[in-house]
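Undergrad: Below is a structure I'd like to ask you about.
Residue numbers (our numbering): 39 to 301.
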């Protein structure tokens with residue numbers, strides 16, 4: 039989000055930069071007539087010196103960029119510390135879904151929602167990444183943040199992991215490539231296509247224990263300061279959003295070169 043400045047703020051800033059004047063400590067020191075006179079003087083001056091406006095905008099933009107960069111560095115450092123403090127839950131949580139090579143040397147954790155368009159966009163890259171990298175371990179966290187229908191689909195997914203864990207991957211692929219809204223009914227239909235009994239899934243769906251992996255994902259996402267799907271953890275880095283296949287490959291390569299943490 040950008041900070042917004044009023045035109046008068048820009049004008050005072052412009053004159054302050056060149057030492058012509060400075061904004062008053064308290065604007066109420068001037069009456070309305072004086073304010074209008076000041077605004078006229080400033081306006082005339084800037085119309086005669088348009089380059090000054092560009093200079094002010096450039097300086098303010100640079101300052102804003104520096105603030106945003108510092109905020110991002112602070113966010114990344116806090117997230118890194120959170121990964122260290124909660125690494126066992128993140129990488130080896132109870133009832134979590136593990137794909138790829140279960141004994142892989144690098145683990146990529148994804149927080150996802152079946153109604154997330156970006157997650158579906160990223161799915162193609164994830165498929166290619168897992169196909170190319172046979173030493174990659176992938177952990178999925180059901181994090182249904184896009185409303186009740188997403189929560190329904192996530193609960194069915196958890197039920198699938200319990201009723202037919204060997205069929206979860208096919209279920210997941212079907213859900214990530216389906217058209218339309220993911221919800222309880224659409225998820226159950228995809229599971230039935232794989233030969234998983236609806237009755238067994240319905241029972242697990244109502245079981246309170248099926249909610250635990252989802253609740254854990256919510257808690258961890260909050261700790262990691264994730265605010266949207268997809269979100270990833272790779273090594274000690276939290277990646278708040280989709281990145282390209284090439285970026286993933288580069289980060290994984292660096293991780294292998296550096297050991298258990300990023301360089």
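Think of the CB as a built atom: it goes at the ideal place given N, C-alpha and C, for glycine as much as any other residue.
Because the structure is a prediction, the values reported are computed rather than measured.
1. In chain order, what are the residue ranges of uninterrupted alpha helix (DSSP H) at least 4 long that sit wholly in the segment 81-144?
2. Hey, residue 209 and residue 177: beta-carbon distance below 8 Å or not?
3. Is the segment 127-145 touching the segment 173-193 in the sense that three or more CB pairs, one from each, lie closer than 8 Å?
4. Is residue 202 closer than 8 Å to residue 225 when the C-beta atoms are compared?
5. Helix, strand or coil, according to DSSP, for residue 236 in the structure here?
6. Report the partner residues of residue 275 according to the DSSP bridge assignment.
7. Is the Cβ-Cβ distance between residue 122 and residue 254 less than 8 Å?
8. Decide yes or no for the touch test of the segment 153-168 against the segment 274-287: beta carbon pairs closer than 8 Å, at least 3 of them.
9. Verify whether the separation of the beta carbon atoms of residue 149 and residue 268 is less than 8 Å.
10. Taking its Cβ as the centre, do 16 or more other Cβ atoms sit within 10 Å of residue 115, making it buried, or is it exposed?
11. Alpha carbon to alpha carbon, how far is residue 147 from residue 168? Give it in angstroms, no decimals.
12. If we count the other Cβ atoms within 10 Å of its Cβ and call it buried at 16 or more, is residue 195 buried or exposed?
13. In angstroms, rounded to a whole number, what distance separates the CA positions of residue 154 and residue 240?
14. Where does residue 286 sit, in a helix, a strand or coil, going by DSSP?
15. Quick one: what's got a C-beta closer than 7 Å to residue 189's C-beta in the same chain, skipping five residues either side?
16. Considering only the beta carbon of each residue, do residue 258 and residue 127 sit closer than 8 Å?
17. Is residue 209 helix, strand or coil when you go by DSSP?
18. Give me the Cα-Cα distance between residue 371 and residue 94, rounded to the nearest whole angstrom.
19. Determine the contact status of residue 197 and residue 232, defining contact as a CB-CB distance below 8 Å.
20. At the level of alpha carbons, what is the spacing between residue 82 and residue 90?
21. Closer than 6 Å by C-beta to residue 290: which residues in its own chain qualify, once you throw out the five before and the five after it? Chain order, please.
22. From which residue to which residue does the beta strand (DSSP E) around residue 175 run?
23. Using C-beta distances below 6 Å, list every residue in its chain close to residue 134, excluding the 5 sequence neighbours before and after it, in chain order.
24. Rank 294, 230, 261 and 152 by C-alpha distance to the C-alpha of residue 187 and give the top, closest one.
25. Which one of 185, 85, 234 and 119 has the shortest CA to CA distance from residue 221?
TA: The relevant details are as follows:
1. Qualifying alpha helix (DSSP H) stretches, in chain order: 88-123 and 125-130.
2. At least 8 Å separates the beta-carbon of residue 209 from that of residue 177.
3. Segments in contact, yes.
4. No. Outside cutoff.
5. Residue state, collapsed to three classes: helix.
6. 272, per the DSSP bridge assignment.
7. Their beta carbons are not under 8 Å apart, which means residue 122 does not touch residue 254 by this criterion.
8. Enough Cβ pairs lie closer than 8 Å, so yes.
9. In this structure, residue 149 places its C-beta atom within 8 Å of the C-beta atom of residue 268.
10. The residue in question, residue 115, is exposed, as its Cβ has fewer than 16 Cβ neighbours within 10 Å.
11. Near 13 Å, if we compare the C-alpha coordinates of residue 147 and residue 168.
12. By the neighbour-count rule (16 or more Cβ atoms within 10 Å), residue 195 is buried.
13. One C-alpha to the other measures close to 24 Å.
14. Here residue 286 carries a helix assignment [DSSP, helix/strand/coil].
15. Taking C-beta separations shorter than 7 Å and ignoring five residues to either side along the sequence, the partners of residue 189 in its chain run 182, following chain order.
16. Contact: yes.
17. Helix, per DSSP.
18. This structure leaves residue 371 out entirely; the chain is present only between 39 and 301.
19. For residue 197 and residue 232, no; Cβs fall outside 8 Å.
20. Those two C-alpha atoms are separated by around 12 Å.
21. Only 144 meet the Cβ criterion.
22. For residue 175, the enclosing beta strand (DSSP E) stretches over residues 174-180.
23. The beta carbon of residue 134 lies closer than 6 Å to those of 177 in the same chain, with the five residues before and after it left out.
24. Here the closest residue by C-alpha is 152.
25. For the residues 185, 85, 234 and 119, the minimum Cα distance to residue 221 belongs to 185.
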